[in-house]
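Protein chains: 2
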Amino acid sequence: MRKAADTRTRILDISAELFARKGFTGTSISDIAGELGTTTAALYYHFPSKADILAGLLAEPLEAYGRVIDDLGVSHPSAESLLSTMIDLTAGARGLGQIIDRDPAVLPLIEQQLPRTSAEMQEAVIAALAGPDPSRAGLLRAQGALAVVKQATLVALELAGGSLQPEDRAEILAAALRVMNPESP
Amino acid sequence: MRKAADTRTRILDISAELFARKGFTGTSISDIAGELGTTTAALYYHFPSKADILAGLLAEPLEAYGRVIDDLGVSHPSAESLLSTMIDLTAGARGLGQIIDRDPAVLPLIEQQLPRTSAEMQEAVIAALAGPDPSRAGLLRAQGALAVVKQATLVALELAGGSLQPEDRAEILAAALRVMNPESP
DNA sequence: GTCTATACCCGGATAGAC
DNA sequence: GTCTATCCGGGTATAGAC
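As given, the protein sequences belong to chains A and B, one line each in that order.
Under the working numbering, the first residue of the first sequence carries the number 1, and numbering increases by one thereafter.
Under the working numbering, the first residue of the second sequence carries the number 1001, and numbering increases by one thereafter.
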């Protein structure tokens, strides 16, 4: 016997997979309903809109992300510590980060109901990594290190079937740190 | 007096900018027409469809990319040489690479009229970087290095107003190579 | 080459029965 | 909770005058 909360969770799971694979705009309500085995109308009993499904998926990861950002000004973490955290955030979002990063049409849809835009948060991380008064080279290194974290973590998740292996995690962190540090370790 | 070839070029320029900023699906024909200063119908005198505009933009970069791929099996370039080439390809595509990488809905539209999918080409580059029988760590490093090239090159283009500065180029290449090489340089 | 007008379709969303 | 039926808007694309 299926409960509403149950169905809600299934919708979120299905949507996460489809959004990650085909993008948000590339996934239609009827795609989701099809996977779910119902009609589109049934979906609207559980969620008021397509954007709300996405919001439901992103709420928790973005909150975690936000806490990290808030902490930046207080604890002034090292590059190692911050990149390490970013690996975990990326892994924890199950490929949902891609949706925000990649589909420019998505941001306006959820931006309003969030304290910070993801662009602002990304900026904050870059700024923290690059330090005050960064050189162009320093900025490029920070951007590069974060790109390594995002891409390699996603690939590692795929390779390991959804969970991040400790040795992969260590490898990614080391690689990102090498990007940050021009001198040999 | 405006010629057709002229207008065609303007359409391509405008579309390149809009596609890069708002994505392909996020850009409507009337967005382009608006920038152009005409109606949507006028656009269809120059291009038979929206997908053809994209194809017009991607044809040359993808051909150049394809030549690099074809050459991989012959010249077995070093990581340095290959990553260096990838920087130039990324810069030469004026942010158009993003469109392919980021919008999953785009591929089906142009895939048919191309010899190779961009996914296949990306695979080939990764394989060439990682070498035969790569370890998981080796794969992650290759993926990371390529991610650095793509992201940092885009940022460098923005910072420098559209052209890639030699010192930025050198910085990006060095960073990507550090990702590839676990030992100190 | 560009216009006005319009056809067509698809995706998101709603109404109301069951 | 899920259905059938339907609406509505926006986006692509076409017809035909100028």
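Just so it is clear, CB atoms sit at the ideal spot from N, CA and C, and this is done for glycine as well.
task = Can you tell me which of the three DSSP states residue 115 of chain A falls into?
result = DSSP places residue 115 of chain A in the coil class of the three-state scheme, outside both helix and strand.
inquiry  = Using 8 Å for Cβ pairs, my map puts residue 32 of chain A next to residue 15 of chain A. What's the rounded Cβ distance?
reply    = 6 Å
ask   = Is it a yes or a no for the segment 1091-1098 of chain B touching the segment 1140-1154 of chain B, going by three-plus beta-carbon pairs under 8 Å?
value = yes
message = For residue 185 of chain A and residue 178 of chain A, I'd like the C-alpha separation in whole angstroms.
response = Reliability of the predicted coordinates at residue 185 of chain A is poor, the pLDDT of 47 falling under 50, and the value obtained from them is presented with this limitation in mind. Whole-angstrom Cα-Cα distance: 8 Å.
Runs of alpha helix (DSSP H) lying entirely within the segment 74-159 of chain A, each at least 4 residues, in chain order = 79-92, 96-102, 107-111, 118-130, 136-159
key: Under 7 Å by beta carbon: chain A residues contacting residue 1171 of chain B   = 137, 140
inquiry  = 8 Å is my cut-off, CB to CB: does residue 133 of chain A come that close to chain B?
reply    = no
query = Going straight from the alpha carbon of residue 1009 of chain B to that of residue 1053 of chain B, what length do you get?
reply = 10 Å
message = Contact between the segment 1070-1083 of chain B and the segment 1114-1132 of chain B is defined here as three or more beta-carbon pairs at a separation below 8 Å; is this criterion met?
response = Yes, the segment 1070-1083 of chain B is in contact with the segment 1114-1132 of chain B.
key: Amino acids of chain B, ordered along the chain, whose beta-carbon sits closer than 7 Å to that of residue 168 of chain A   = 1136, 1140
request  = In angstroms with no decimal places, state the Cα-to-Cα distance between residue 17 of chain A and residue 161 of chain A.
outcome  = 13 Å
Chain B residues whose Cβ lies nearer than 7 Å to that of residue 23 of chain A = Here the neighbours are 1103, 1104, 1105.
task = Kindly list, in the order they appear in chain A, the residues whose Cβ is closer than 9 Å to that of residue 1010 of chain B.
result = Correct list: empty, because the minimum Cβ distance to chain A is about 23 Å.
key: chain A contacts made by the segment 1055-1082 of chain B, where a contact means CB separation under 9 Å   = none
message = Among B/1102, B/1134, B/1171, B/1075, whose alpha-carbon lies nearest the alpha-carbon of residue 22 of chain A?
response = B/1102
Residues that residue 1148 of chain B contacts on chain A, provided the C-beta gap is smaller than 7 Å = 144, 147, 148, 179
key: residue 1019 of chain B classed as buried or exposed, judged by whether at least 16 other C-beta atoms fall within 10 angstroms   = buried
query = For residue 1151 of chain B and chain A, any beta-carbon pair shorter than 8 Å?
reply = The C-beta of residue 1151 of chain B comes closer than 8 Å to at least one C-beta of chain A.
Residue 1141 of chain B burial status per 10 Å Cβ neighbour count (16 or more: buried) = buried
key: Counted within 10 angstroms of its Cβ, other Cβ atoms place residue 73 of chain A as buried (16 or more) or exposed   = exposed
task = Would you verify that the beta carbon of residue 15 of chain A is, or is not, closer than 8 Å to some beta carbon of chain B?
result = no
inquiry  = Within a Cβ cutoff of 6 Å, which residues of the same chain sit near residue 1059 of chain B, ignoring the five residues on either side of it in sequence?
reply    = none
request  = Select from the segment 118-129 of chain A all residues with a C-beta closer than 8 Å to any C-beta belonging to chain B, and list them in chain order.
outcome  = Within the segment 118-129 of chain A, contact with chain B at the beta-carbon level (separation under 8 Å) is assigned to no residue.
ask   = Does the distance from the CB of residue 43 of chain A to the CB of residue 61 of chain A come in under 8 Å?
value = no
request  = Could you list the residues in the segment 30-49 of chain A with a C-beta less than 8 Å from some C-beta on chain B, going in chain order?
outcome  = none
key: N-terminal and C-terminal residue of the alpha helix (DSSP H) that residue 34 of chain A is part of   = 29-36
query = Taking one C-beta from the segment 113-122 of chain A and one from the segment 1107-1117 of chain B each time, how about it: are there three or more such pairs within less than 8 Å?
reply = No: the two stretches stay apart, fewer than three of their Cβ pairs being nearer than 8 Å.
ask   = Under 9 Å Cβ-Cβ, which residues of chain A neighbour residue 1159 of chain B?
value = 136, 139, 140
key: alpha helix (DSSP H) segment containing residue 1177 of chain B, residue limits   = 1166-1180
request  = Could you tell me the boundaries of the alpha helix (DSSP H) in which residue 1015 of chain B lies?
outcome  = 1004-1022
message = I'd like to check one pair, residue 173 of chain A with residue 186 of chain A: are the Cβ atoms closer than 8 Å?
response = For chain A, the structure presents residues 1 to 185; residue 186 of chain A sits outside this window and is missing.
message = Once DSSP output is grouped into helix, strand and coil, what is the label at residue 61 of chain A?
response = helix
key: CB-CB length for residue 107 of chain A against residue 125 of chain A, believed under 8 Å   = Wrong, their Cβ atoms sit about 17 Å apart, outside the cutoff.
message = Suppose the cutoff is 7 Å on Cβ atoms and the five residues either side in sequence are ignored; what does the same chain contact list for residue 87 of chain A look like?
response = 149, 153, 169, 172, 173
ask   = Taking buried to mean at least 16 other C-beta atoms within 10 Å of its own C-beta, is residue 143 of chain A buried or exposed?
value = buried
ask   = So, using beta-carbon positions, are residue 1025 of chain B and residue 25 of chain A closer together than 8 Å?
value = A distance below 8 Å separates the beta carbons of residue 1025 of chain B and residue 25 of chain A.
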